[in-house]
Amino acid sequence: MAAPISTLSSAHLSSLSSDNHHLKSPIMLSHVLSDVLMEEKYAEKYEKMKEVRCLISEPMEPLERLELIDAVQRLGLRYQFEIEIKNAIQDVVNQTNDQDASFHHDLHSAALRFRILRQTGYHVPQEIFDIFKDKNGHFKADLCEDVKGMLSLYEASFLGLEDENTMDDAKVFATKHLKDLHEAKLNSLMARKVNRALDMPLHWRLNRVEARWFIDTYREERNKNPLLLEFAKLDFNMVQSIHQKELSKLAGWDVNEIDKLPDNTIKTCLLGLFNTTNEIGYRILREKGFNIIPYLSKMWANLCKAYCKEARWFHSGYKPTLKEYIDNAVVSISAPLGLFTAYFSTTENISKEALDYICNLPSIMHCSAMILRLTNDLGTSSDELARGDNVKSLQCYMNDTGASEEVACAYINGLVHLTWKKLNKDMFRDYPFEEPFISACPNLGRTAQCFYQYGDGHGVPQYRTKDHIISLLVEPVPLD
Numbered sequence: 001m002a003a004p005i006s007t008l009s010s011a012h013l014s015s016l017s018s019d020n021h022h023l024k025s026p027i028m029l030s031h032v033l034s035d036v037l038m039e040e041k042y043a044e045k046y047e048k049m050k051e052v053r054c055l056i057s058e059p060m061e062p063l064e065r066l067e068l069i070d071a072v073q074r075l076g077l078r079y080q081f082e083i084e085i086k087n088a089i090q091d092v093v094n095q096t097n098d099q100d101a102s103f104h105h106d107l108h109s110a111a112l113r114f115r116i117l118r119q120t121g122y123h124v125p126q127e128i129f130d131i132f133k134d135k136n137g138h139f140k141a142d143l144c145e146d147v148k149g150m151l152s153l154y155e156a157s158f159l160g161l162e163d164e165n166t167m168d169d170a171k172v173f174a175t176k177h178l179k180d181l182h183e184a185k186l187n188s189l190m191a192r193k194v195n196r197a198l199d200m201p202l203h204w205r206l207n208r209v210e211a212r213w214f215i216d217t218y219r220e221e222r223n224k225n226p227l228l229l230e231f232a233k234l235d236f237n238m239v240q241s242i243h244q245k246e247l248s249k250l251a252g253w254d255v256n257e258i259d260k261l262p263d264n265t266i267k268t269c270l271l272g273l274f275n276t277t278n279e280i281g282y283r284i285l286r287e288k289g290f291n292i293i294p295y296l297s298k299m300w301a302n303l304c305k306a307y308c309k310e311a312r313w314f315h316s317g318y319k320p321t322l323k324e325y326i327d328n329a330v331v332s333i334s335a336p337l338g339l340f341t342a343y344f345s346t347t348e349n350i351s352k353e354a355l356d357y358i359c360n361l362p363s364i365m366h367c368s369a370m371i372l373r374l375t376n377d378l379g380t381s382s383d384e385l386a387r388g389d390n391v392k393s394l395q396c397y398m399n400d401t402g403a404s405e406e407v408a409c410a411y412i413n414g415l416v417h418l419t420w421k422k423l424n425k426d427m428f429r430d431y432p433f434e435e436p437f438i439s440a441c442p443n444l445g446r447t448a449q450c451f452y453q454y455g456d457g458h459g460v461p462q463y464r465t466k467d468h469i470i471s472l473l474v475e476p477v478p479l480d
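Mapped onto UniProt numbering, the consecutive letters of the sequence shown carry residue numbers 1 to 480.
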């Protein structure tokens, strides 16, 4: 829930951006200025490295193919090999089934196949894990000795859907036994993998952040492919150079200049919003032949109405119920507007059917907005209340039930888990829009998990969030 406009002072806004100097540092600017040289340096090598495409299509055993696909995706290269990956996964589906012997008794193989196929859109049944249960329906105790298998089961469990009890049990079982492991009994590489998974599951991680970490990790893998690793490094650095160009365009905006605005700030904002909306609409009409201005205007109007409702709550002292809060907050967090922008920016063939569907906030968008809102609340609630902001979901739940803050945090965290299950199910539905937009919805949730995992990573981008930003936008991957 954004704070009412009238309560946000210029001093407060300045405090939120006071630590952004590292994005305008000489190091940042030097990388931006040298990106042309870097592209020239890497271009020839980069083209040669595309021979890695052949790797995915080479004949190999299903498990070996799945492990290669997993490595390619975690290295951030999925967008480079979408067709090859799709064909390779279809080959795995054709070569195996849910009762295939090669995946029947090995936990790692079964869990990896389950995760890769589900995240690609194949509805693999949870019953494939029944073979790993005892006569009482519990996962066998001796599975905890298979650390690799337990780790794969843990990651797979986060692809579970609502009412999938086996996947819920798998998550609890794998989490408990992975936490009970003694690092001294693991090699350093496996210990790092386990610790990172327990910190946040792969399914919730932002791919770009994961790629930077996995490049260093994959380097230590015994069965790594040197060609694939080198390609991943080059690709990461070249994409980083593109992001640096984009960031340099934004560096001219400085919230510290807000005090220089005239008294008619609101009029200026409204005029700017009107002009921006029309400018975007004109560009889309020119490039894609569709007038989105009525839809874009409606999205902005909905956002402003949500802000006004929060302002009324704040100034009247009204305490909304958790349901009232969430119904409004999924809009005020601006996720619907952001995702709508992602739709017309990534879609070539815009349709009225898709626009009408999106404007009604379907479940896939609602879940994405919920994850953004609730993770934001968990990470920022205390700090924002201290600054005089509105109540958040935690306080609403506490007011509704009389629960303690600790209990409220646990409840809201449970809602995040439940919402991810709903979002997982939504990914299997048919939609009147193209794949890039479908992927944008869970990616917004992953962005939220990344920013708010350790507190207010947006308003106070210290520590790990700052480290993520530096590694993604400033520091290139060292080349051997």
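For each residue, glycine too, the CB sits at the ideal point set by N, CA and C.
Legend entry - Ser334 beta carbon less than 7 angstroms from that of Tyr307: Locating residue 307 in the sequence shown gives position 307, counting from the first residue. Locating residue 334 in the sequence shown gives position 334, counting from the first residue. Contact flag unset, no.
Inset, instruction - Use the C-beta contact count for Phe274: other C-beta atoms within 10 angstroms, 16 or more gives buried, fewer gives exposed. - result: The residue given as residue 274 occupies position 274 in the sequence shown. Its Cβ having fewer than 16 others within 10 Å, Phe274 is exposed.
Legend entry - Counted within 10 angstroms of its Cβ, other Cβ atoms place residue 481 as buried (16 or more) or exposed: An answer regarding residue 481 cannot be provided, because it is not within the stretch 1 to 480 covered by the chain.
Legend entry - Bridge-paired residues (DSSP) for Lys133: Along the sequence shown, read from residue 1 onward, the residue named residue 133 stands at position 133. Looking at the DSSP assignment, Lys133 forms a beta bridge with Phe139.
Inset, instruction - Would you decide whether Lys224 is buried or exposed? Buried here means 16 or more other CB atoms lie within 10 Å of its CB. - result: Start at 1 with the first residue of the sequence shown, and residue 224 comes out as number 224. Exposed, since its Cβ has fewer than 16 Cβ neighbours within 10 Å.
Legend entry - Stretch pair the stretch 117–130 + the stretch 158–177: three plus CB contacts closer than 8 angstroms: yes
Inset, instruction - Leaving out five residues on either side along the sequence, give the residues of the same chain with a beta carbon under 8 angstroms from the beta carbon of Arg205. - result: Within the sequence shown, numbered from 1, the residue matching residue 205 stands at position 205. Correct list, in chain order: Arg446, Gln449, Cys450.
Legend entry - First and last residue of the uninterrupted alpha helix (DSSP H) at Arg446: As a position in the sequence shown, residue 446 is number 446, starting the count at 1. Segment 435–452, the alpha helix (DSSP H) holding Arg446.
Legend entry - Terminal residues of the alpha helix (DSSP H) in which Thr166 lies: Numbered from its first residue, the sequence shown carries residue 166 at position 166. Looking at the DSSP string, the run of the alpha helix (DSSP H) that includes Thr166 is 165–180.
Legend entry - Limits of the unbroken alpha helix (DSSP H) element including Tyr431: As a first step, residue 431 must be located in the sequence shown, where it is residue number 431. Looking at the DSSP string, Tyr431 is not in any alpha helix (DSSP H), and its letter there is neither H nor E.
Inset, instruction - Please name the residue, chosen from Ala369, Tyr357, Ile412, Ala403, that lies closest to Asp430 on a Cα-to-Cα basis. - result: Mapped onto the sequence shown, residue 430 falls at position 430. The candidate whose alpha carbon is nearest that of Asp430 is Tyr357.
Inset, instruction - Using the Cα positions of Pro294 and Tyr282, report the straight-line distance between them to the nearest angstrom. - result: The residue labelled residue 294 in the question sits at position 294 within the sequence shown. The residue labelled residue 282 in the question sits at position 282 within the sequence shown. Approximately 12 angstroms between the Cα atoms of the pair.
Inset, instruction - In the DSSP assignment, find the alpha helix (DSSP H) that holds Leu337 and state where it starts and stops. - result: As a working note, residue 337 is residue 337 in the sequence shown. Leu337 -> alpha helix (DSSP H) spans 335–346.
Legend entry - Of the residues Ala211, Asp400, Phe103, Tyr79, the one placed nearest Val124, counting alpha carbons only: Taking the first residue of the sequence shown as 1, we reach residue 124 at position 124. Residue Phe103 is the option with its Cα nearest to Val124.
Legend entry - Close beta carbons around Arg212, own chain, < 6 angstroms, minus the five adjacent residues each side: What you label residue 212 is simply residue 212 of the sequence shown in a count that begins at 1. The residues are Ser471.
Legend entry - Close Cβ partners of Met150 (< 8 angstroms) along its chain, the five nearest in sequence each way excluded: Sequence index remark: in the sequence shown, residue 150 carries index 150 (1-based). Answer for Met150: Leu107, Leu143, Cys144, Ala174, His177, Leu178, listed in chain order.
Legend entry - Straight-line Cα distance separating Ser345 from Phe290: Within the sequence shown, residue 290 is the residue found at index 290, counting from 1. Within the sequence shown, residue 345 is the residue found at index 345, counting from 1. Cα to Cα, Phe290 sits roughly 12 angstroms from Ser345.
Inset, instruction - Between the Cα of Thr465 and those of Ile89, Asp130, Val209, spot the shortest distance and give me the residue it belongs to. - result: Along the sequence shown, one-based indexing puts residue 465 at 465. Thr465 has its Cα closest to that of Val209, out of Ile89, Asp130, Val209.
Legend entry - Host alpha helix (DSSP H) of Arg118 (start-end): Here residue 118 refers to the residue found at position 118 of the sequence shown. Here the alpha helix (DSSP H) through Arg118 covers 107–120.
Inset, instruction - Quick one: residues in its chain with C-beta nearer than 8 angstroms to the C-beta of Leu229, no 5 flanking neighbours on either side, listed in chain order? - result: The residue labelled residue 229 in the question sits at position 229 within the sequence shown. Answer for Leu229: Leu75, Ile215, Tyr218, Arg219, listed in chain order.
Legend entry - Pairwise C-alpha distance: Thr419 and Thr321: On the sequence shown, position 321 is the one that residue 321 refers to. On the sequence shown, position 419 is the one that residue 419 refers to. Distance between the alpha carbons of Thr321 and Thr419 is about 19 angstroms.
Inset, instruction - Classify Thr96 as helix, strand or coil using the three-state DSSP reduction. - result: On the sequence shown, position 96 is the one that residue 96 refers to. Three-state DSSP puts Thr96 in coil, outside helix and strand.
Legend entry - Selection from Tyr79, Phe81, Glu64, Asp70 that minimises the alpha carbon distance to Gln95: On the sequence shown, residue 95 is found 95 positions in, with the first residue counted as 1. Checking every option, the nearest Cα to that of Gln95 belongs to Glu64.
Legend entry - Cutoff 8 angstroms; reference Val340; Cβ partners in own chain excluding five residues on either side: Along the sequence shown, one-based indexing puts residue 340 at 340. Here residue 340 is Phe; the residue named in the question, Val, does not match the sequence. Cβ neighbours of Phe340 beyond the five flanking positions: Tyr295, Leu296, Met299, Ile358, Cys359.
Legend entry - C-alpha distance - Leu473 paired with Asn376, whole-angstrom precision: As a first step, residue 473 must be located in the sequence shown, where it is residue number 473. As a first step, residue 376 must be located in the sequence shown, where it is residue number 376. When rounded, the distance between both Cα atoms is 23 angstroms.
Legend entry - Tyr154 (DSSP reduced to helix, strand or coil): Along the sequence shown, one-based indexing puts residue 154 at 154. Helix at Tyr154.
Legend entry - Backbone CA spacing between Asp235 and Asn207 [nearest angstrom]: Reading the sequence shown from its first residue, position 235 is the one you call residue 235. Reading the sequence shown from its first residue, position 207 is the one you call residue 207. In a straight line, the C-alpha of Asp235 is about 14 angstroms away from that of Asn207.
Legend entry - Where Glu155 falls, given that 16 or more other Cβ within 10 Å makes a residue buried: For the purposes of this step, residue 155 is taken as residue 155 along the sequence shown, with counting starting at 1. Flag for Glu155 reads buried.
Legend entry - Buried or exposed (CB count within 10 angstroms, at least 16 for buried), His468: Counted from its first residue, the sequence shown places residue 468 at position 468. Classification of His468: buried, given that the 10 Å Cβ count is 16 or more.
Inset, instruction - Report back the beta-carbon spacing between Thr347 and Pro436 to the nearest angstrom; my notes put them in contact at under 8 angstroms. - result: Stepping through the sequence shown from its first residue, residue 347 is reached at position 347. Stepping through the sequence shown from its first residue, residue 436 is reached at position 436. So it is a contact: roughly 7 angstroms between Cβ atoms.
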